[in-house]
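Structure, as C-alpha cells:
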Amino acid sequence: MWQALFSVAVLLNRPERGSSMDMEELKLRIGTNRCRDVKDIMEESTKQTILKEFNRERQEVAKDPEGPIKFPVAFPMSDLVWDVELEKHAKTFAMTCPIVALVNFNFTEIGSEMIGQSIVTKIWDANPQTDFPVEILIKRYSSAVKRMNSDQTTGLVKKYESGDWDSGFQILWENTTKVGCSYVTFKEPTIEGNKELSLNVLVCNFRPAGCIPDERVFRIKVEPKPMNEIEFVKQVAILDLLRVQQSDVRYDGGTGFVDDDVDVVVGHSLCGFVQGVPHRRLSVENLRMT
Numbered sequence: 002m003w004q005a006l007f008s009v010a011v012l013l014n015r016p017e018r019g020s021s022m023d024m025e026e027l028k029l030r031i032g033t034n035r036c037r038d039v040k041d042i043m044e045e046s047t048k049q050t051i052l053k054e055f056n057r058e059r060q061e062v063a064k065d066p067e068g069p070i071k072f073p074v075a076f077p078m079s080d081l082v083w084d085v086e087l088e089k090h091a092k093t094f095a096m097t098c099p100i101v102a103l104v105n106f107n108f109t110e111i112g113s114e115m116i117g118q119s120i121v122t123k124i125w126d127a128n129p130q131t132d133f134p135v136e137i138l139i140k141r142y143s144s145a146v147k148r149m150n151s152d153q154t155t156g157l158v159k160k161y162e163s164g165d166w167d168s169g170f171q172i173l174w175e176n177t178t179k180v181g182c183s184y185v186t187f188k189e190p191t192i193e194g195n196k197e198l199s200l201n202v203l204v205c206n207f208r209p210a211g212c213i214p215d216e217r218v219f220r221i222k223v224e225p226k227p228m229n230e231i232e233f234v235k236q237v238a239i240l241d242l243l244r245v246q247q248s249d250v251r252y253d254g255g256t257g258f259v260d261d262d263v264d265v266v267v268g269h270s271l272c273g274f275v276q277g278v279p280h281r282r283l284s285v286e287n288l289r290m291t
C-alpha cells in the first residue's frame with residue numbers, strides 16, 4: 002500500500018462540470034486502508050473499447066498525410082493485442098485503491114521483466130454515472146502529447162526523454178505489442194473525513210515497456226514541415242473551406258478556450274484550433290487580411 006499523505010492537484014484533476022465540489026475537498030488520505038466499495042467494473046466490451054482506442058491512435062499516426070501535419074508520420078506498426086497476464090497484474094494493483102493526479106506513468110515488474118504502467122483517475126463528488134464512457138479516460142493518456150508542438154514531438158520521437166507525456170507515447174511505442182488493463186471504482190474519504198469521493202481508475206500495463214530514454218518511439222516516415230501555429234490554422238481553414246478531409250477537421254464551434262478533454266490532435270489529423278487560444282472559424286477574407 003502507498004504510505005504518507007498526498008494532495009491531488011486541483012488543476013490536474015478537476016471534478017465534473019457543473020459540480021459544486023469545493024476544491025479543497027479534493028485532498029485525499031492515501032495509504033490508510035480507508036477506501037471502500039472497491040469494484041471491478043471491467044467488462045469484455047470495455048476491453049474491446051480500450052484495444053480499439055489504443056490501436057486507433059497507432060493507426061492514425063501511420064496514415065499518409067493529405068494536408069499539413071503537426072505530428073511525425075510513422076511507418077505502419079502492429080496493433081496491440083490483449084495480454085491476460087498484464088490484465089491480472091493490473092487488477093491486483095488497481096484493487097489496492099491507487100490514487101494519482103490525472104495521469105501517471107511508471108515502470109513496474111512482472112518477475113524480472115520491466116513493463117510500462119499507465120494510470121488515469123477520475124474523481125467525482127457524488128456517485129459516478131454508471132454509463133461514464135471509458136473513452137474519456139483513454140483520451141487523457143494522450144492529452145499532454147496533443148498539447149505539444151511539432152518540434153517537441155518530432156524530437157521526442159527521435160530520441161525519447163521522460164515527461165508528463167509518457168502515457169501518450171507509451172501507446173505509440175512501436176516495439177510495444179501487448180496491453181492488459183483493469184478498470185475499478187471505489188470510494189475514498191477526504192482528509193477532513195466529512196465527505197466521500199468516488200473514483201474511477203484505469204490501470205494499463207504494456208509489454209515490452211516503452212518510454213525508454215534515448216530510444217526512438219517509432220520509425221518516422223514523414224516529418225512535419227516547420228510551421229508556426231497561426232500558419233497551421235490558416236492551412237487547415239483553407240482545406241476546410243475546400244471541403245478537403247472535412248471529417249478530420251475539428252472545431253468546437255464556439256469562441257471559448259480548448260478544454261483538455263477535447264481532441265486537439267489525434268495522430269496527425271487536422272486541427273482547426275490552437276490550444277489555449279480563443280478560436281473561431283476562419284474565412285477566406287480574414288485569411289487574406291492576416
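The opening residue of the sequence shown carries number 2 in the numbering used here; numbering runs sequentially from there. Every residue, glycine too, gets a C-beta built ideally from N, C-alpha and C. Owing to the predicted nature of the structure, the values given are computational and were not obtained by experimental measurement.
Environment of residue i [buried if 16+ CB atoms lie within 10 Å]
i	result
T177	buried
G156	exposed
N201	buried
F106	buried
V82	exposed
P73	buried
P77	exposed
S168	buried
G112	exposed
S79	exposed
S163	exposed
K123	buried
P214	exposed
K71	buried
Beta carbon of residue i nearer than 8 Å to that of residue j
i	j	result
V204	F94	yes
V135	T47	yes
V146	F170	yes
Y161	R217	yes
E58	I137	no
R141	V104	yes
C182	G117	no
Residues bridged to residue i [DSSP beta-bridge criterion]
i	result
L52	L52 is not bridged to any residue.
G169	For G169, which the question treats as bridged, DSSP gives no partner whatsoever.
S119	F106, C205
R37	K188
**Message:** List, from N- to C-terminal side, the alpha helix (DSSP H) runs of 4 residues or more that fit wholly inside the region 137–164.
**Reply:** 144–147, 151–159
**Prompt:** Can at least three beta-carbon pairs, one atom from the region 81–97 and one from the region 35–52, be found at a separation below 8 Å?
**Reply:** yes
**Request:** Identify every run of the alpha helix (DSSP H) within the region 55–101, keeping only runs that are complete inside it and at least 4 residues long; order them along the chain.
**Result:** Within the region 55–101, the runs of alpha helix (DSSP H) that reach at least 4 residues and sit entirely inside it are, in chain order, 85–95.
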